[in-house]
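If you're matching them up, the sequences are chains A and B in order. Residue 323 in the numbering used here sits at position 323 of the first sequence, with consecutive numbering throughout. Positions in the second sequence are counted from 1; adding 506 to them yields the numbering used here. Remarks on the structure that follows.
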Amino acid sequence: MSSMNIVSFLPVITPLLAGVLILLARVGGLNLQRLLSLLSVLLLLFVALDLMQNAVQGVPQVYALGNWVAPFGIVLVLDGLSALMVLITALLALPALWYAVTTKIDARGAHFHVLFQLQLFGLNGAFMTGDVFNLFVFFEVLLLASYGLLLHGGGAQRTKAGLHYVAINLIGSTLFLFAVGALYGVLGTLNMADMAVKVSQAPAEDLGVIAAAGLLLLLVFGLKAAMFPLYLWLPQAYANTSAPVAALFAIMTKVGLYAIIRVHGLVFGDSAGELAYFYTPWVLGMGLITLLLAAFGVMAARGLREQVAYLVLASVATLLIGIGLNSVEAMSATLFYLIHSTLIAGGFFLLADLIARGRGGERFVSMAAMPQAVLLGATFVFAAIAMSGLPPLSGFIGKVLILMAALNHPAFMLVLAVVLLAGLLMIIAVARAGSLLFYNVQNDMPSGEPLNKSAYAAVVWLLAGAALMVVLAHPLTQLTDAIAGQLSQTPFYVQTVLSTPAVGGT
Amino acid sequence: MEILIAAIIGILTATGVFLTLRGHTFPVVLGLTLLAYAVNVFLFAMGRLTSGLPAVINPAQGGYTDPLPQALVLTAIVIAFGMTAFLIVLALKARGELGNDHVDGRTDGDLK
């Protein structure tokens, strides 16, 4: 079986080394740190593109850390899904970092770039690990970096939101350990592939404990993904942090979704016998409730950033529904929508910050007219159309794909009704927000900052994804089909991971 | 021994949950710490409770102590320690910036 070459290890090691280097580069000043940080993310982007090409065709690549083979050691596994997540992270991180540099947000506190790189380290590690406990460790790495990033810049509101965010995630970590411990106690392994084997062989009296631990794990991942009823931390945290951090956090909720697809899809997949896909009705139901509440949140938001945070929540809920539908077509549609929603949400957060800078605030109240209102207004319309899923942009295609996949599900009437109703509510709310922001102006008030052209480039980069994903919809759906096909072949994944030999051994 | 360990985990968890639900930051920090203790003991117990057995398989002995949960507990302790330290600093920062130690930044007068 193919072992992993060194390129496959780069997404994890690059940001870690870059983080340390940037910390040491402090003596060289902020500009040196910026340069190193941008270089590291650029390298990540190229590596991710290279890995994506290799990962779609062929077998998952396995890297045994310290040359300890699975299931005894920790392995990094790179398959199509992991490569896709690493690629999305790099695509999102570059403009977010560019925005932070061009608006000088990174100068508002110490160590922005170090934390940014460590965040990427945690994200890429979580996307590539094949070990449940190692997943916990990478979760902690990305969370600790995100605590620092969330609080970057300071301010009372940010501190309050940060306190809630940290407390809820510490509880999540504790529950994660309880779930992992219970699974280890029953199955005697931590390797995900080996867990899948052990669950299929588990005696009937152990199934109850395994199911309970699996649902506890779902709760933890649901907390990261902001699934009902554990979403209350998200709007405050995302609305109160700085714009580039909020943009990067668009991928943070997707970590929870990725973990559900990876861990639950693998361990409780086809081979799990009585427990096969026992979690999907929960995911579907919670996704539907989350979507409705997110739509209400979008309507009730008092400021643009809060509204975008609820739009992120709505996209997470749509993805949960896609996972809950539990079919290869639905998984492919989910992955398509995941690419779209991550990039557009990131772009929308940056755009919201530009608008807030232009008019002097992001609240939905009458304020000064902003400079370059036509350009920003047109961009807002574009982002709003993409985010709320209207034709002709990628949000529409993603939603149509998910709804088409839903037609084969017994509960398709409910799914269609909720998704379409939520979509309508969001369109109304976003249209209202646009008219409040751009038409309801006070001419006697001094306007805010002029538009920062270089920062605007970051918004264009991310929002261009919505148009590109329409033009390239056919190859992209082929890609997501291939990845979804890989994900449905769990026995092949399990066999590849468990049969990878040590380097130099037999 | 099983009953004792189970009772310890239960009491620690219950106390932790109760304290985490309090309105001020200090009890919340204490509650999270107790929850972390509870999960450490739980992880430890998941390797099965044995006494006087070696961690490395020895044919002369009748069994062995599973060393993996102990490694997991060690990792979990280090992480929980770092997180608690961060949370305490953050709670102090919140006390300074918000002017009180309520988790929502409100004074008792606001709550009535």
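Ideal placement from N, C-alpha and C gives every residue a C-beta, glycine not left out.
Nearest-angstrom Cα distance between residue i and residue j?
i, j, result
"A:Leu-100", "A:Phe-249", "According to the sequence shown, residue 100 of chain A is Ala rather than Leu. Distance between the alpha carbons of A:Ala-100 and A:Phe-249 is about 14 Å."
"A:Leu-35", "A:Phe-116", "13 Å"
"A:Thr-103", "A:Ile-483", "37 Å"
"A:Tyr-279", "A:Arg-158", "35 Å"
"A:Leu-496", "A:Gly-188", "Checking the displayed sequence, the identity of residue 496 of chain A turns out to be Thr instead of Leu. Looking at the two C-alpha atoms, the distance is approximately 20 Å."
"A:Leu-320", "A:Phe-46", "30 Å"
"A:Val-186", "A:Gly-208", "10 Å"
"A:Ile-260", "A:Phe-221", "6 Å"
"A:Tyr-310", "A:Leu-39", "33 Å"
"A:Leu-437", "A:Asp-444", "16 Å"
"A:Ser-2", "A:Leu-91", "At A:Ser-2, the pLDDT of 43 sits below 50, so the modelled position is not reliable and the matter cannot be decided from this model."
"A:Val-374", "A:Ile-397", "27 Å"
"A:Ala-195", "A:Met-370", "Here residue 195 of chain A turns out to be Met, not Ala, going by the sequence shown. Looking at the two C-alpha atoms, the distance is approximately 56 Å."
"A:Val-267", "A:Arg-302", "42 Å"
"A:Gly-148", "A:Val-460", "27 Å"
"A:Gly-360", "A:Ser-388", "26 Å"
"B:Arg-554", "A:Asn-191", "19 Å"
"A:Leu-390", "A:Ala-384", "9 Å"
"B:Asn-606", "A:Ala-156", "12 Å"
"A:Leu-425", "A:Ala-295", "6 Å"
"A:Gln-486", "A:Leu-401", "19 Å"
"A:Thr-379", "A:Leu-393", "13 Å"
"A:Met-286", "A:Leu-175", "19 Å"
"A:Ser-82", "A:His-111", "28 Å"
"B:Gly-537", "B:Val-523", "6 Å"
Could you pull out every residue in the same chain whose Cβ sits closer than 6 Å to the Cβ of residue i, ignoring the five residues on either side in sequence?
i, result
"A:Ala-243", "Phe-349, Leu-350, Asp-353"
"B:Glu-603", "none"
"A:Ala-429", "Val-298, Met-299"
"A:Ser-332", "Thr-480, Asp-481, Ala-484"
"A:His-113", "Ile-22, Gln-33, Ser-37"
What residues in its chain sit with their C-beta under 7 Å from that of residue i, if we drop five residues either side in the sequence?
i, result
"A:Val-507", "This structure does not reach residue 507 of chain A, given that chain A is present from 1 up to 506, and the question cannot be answered."
"A:Pro-491", "Ser-271"
"A:Ser-8", "Leu-51, Gln-61, Tyr-63, Leu-78"
"A:Ser-488", "Val-328"
"A:Ala-473", "Ile-397"
"B:Gly-529", "His-608, Val-609"
"A:Ala-211", "Leu-275, Phe-278"
"A:Leu-292", "Val-418, Ala-422"
"A:Phe-121", "Val-12, Pro-15, Leu-16, Gly-19, Val-141"
In the DSSP assignment, find the unbroken beta strand (DSSP E) run with residue i in it and report its ends.
i, result
"A:Tyr-63", "61 to 64"
For residue i, collect the residues of the same chain with a Cβ closer than 8 Å to its Cβ; drop the 5 residues on either side in sequence, then sort them by chain order.
i, result
"A:Leu-177", "Phe-136"
"B:Val-535", "Thr-590, Leu-593, Ile-594, Ala-597"
"B:Lys-618", "With a pLDDT of only 47 at B:Lys-618, under the threshold of 50, the placement of this residue in the model should not be trusted, and no figure is reported."
"A:Asn-452", "Thr-102, Thr-103, Leu-354, Arg-357"
"A:Ala-107", "Leu-30"
Could you pull the start and end residues of the alpha helix (DSSP H) that residue i belongs to?
i, result
"A:Leu-320", "304 to 325"
"A:Leu-293", "280 to 300"
"A:Val-101", "80 to 102"
"A:Ser-447", "Per DSSP, A:Ser-447 belongs to no alpha helix (DSSP H) and is neither H nor E."
"A:Gly-358", "328 to 359"
"A:Gly-122", "112 to 128"
"A:Asp-50", "30 to 56"
"A:Asn-134", "132 to 151"
"B:Arg-601", "574 to 604"
"A:Arg-432", "412 to 438"
"B:Glu-508", "508 to 526"
Could you tell me if residue i is buried or exposed, where buried requires 16 or more neighbouring beta carbons within 10 angstroms of its beta carbon?
i, result
"A:Pro-203", "exposed"
"A:Ile-13", "exposed"
"A:Gly-29", "exposed"
"A:His-409", "buried"
"A:Thr-506", "Summary for A:Thr-506: the model assigns pLDDT 49, below 50, so the residue's position carries little reliability, and this model does not support an answer."
"A:Val-418", "buried"
"A:Glu-306", "buried"
"A:Met-227", "buried"
"A:Trp-98", "buried"
"B:Tyr-570", "exposed"
"A:Ala-345", "buried"
"A:Asp-131", "buried"
"A:Gly-273", "exposed"
"A:Ser-366", "exposed"
> What residues in the region 563 to 582 of chain B have a beta carbon less than 8 Å from any beta carbon of chain A?
Replying inline: Cβ contacts with chain A: Leu-574, Pro-575, Leu-578, Thr-581, Ala-582.
>> Can you pull out the residues from the region 162 to 175 of chain A whose beta carbon lies closer than 8 Å to at least one beta carbon of chain B?
In response: Residues passing the 8 Å Cβ filter: Gly-162, Leu-163, His-164, Val-166, Ala-167, Leu-170, Ile-171, Ser-173, Thr-174.
>> Short of 9 Å Cβ to Cβ, which residues in the region 580 to 600 of chain B face chain A?
In response: Flagged, chain order: Thr-581, Ala-582, Ile-585, Ala-586, Gly-588, Met-589, Thr-590, Phe-592, Leu-593, Leu-596, Ala-597, Lys-599, Ala-600.
> Using a beta-carbon distance cut-off of less than 7 Å, what residues from the region 545 to 561 of chain B approach chain A?
Replying inline: Within the region 545 to 561 of chain B, the qualifying residues are Val-545, Phe-548, Leu-549, Met-552.
> Taking Cβ-Cβ distances below 7 Å as the criterion, which residues of the region 515 to 529 of chain B are in contact with chain A?
Replying inline: Hits within the stretch, in order: Thr-526.
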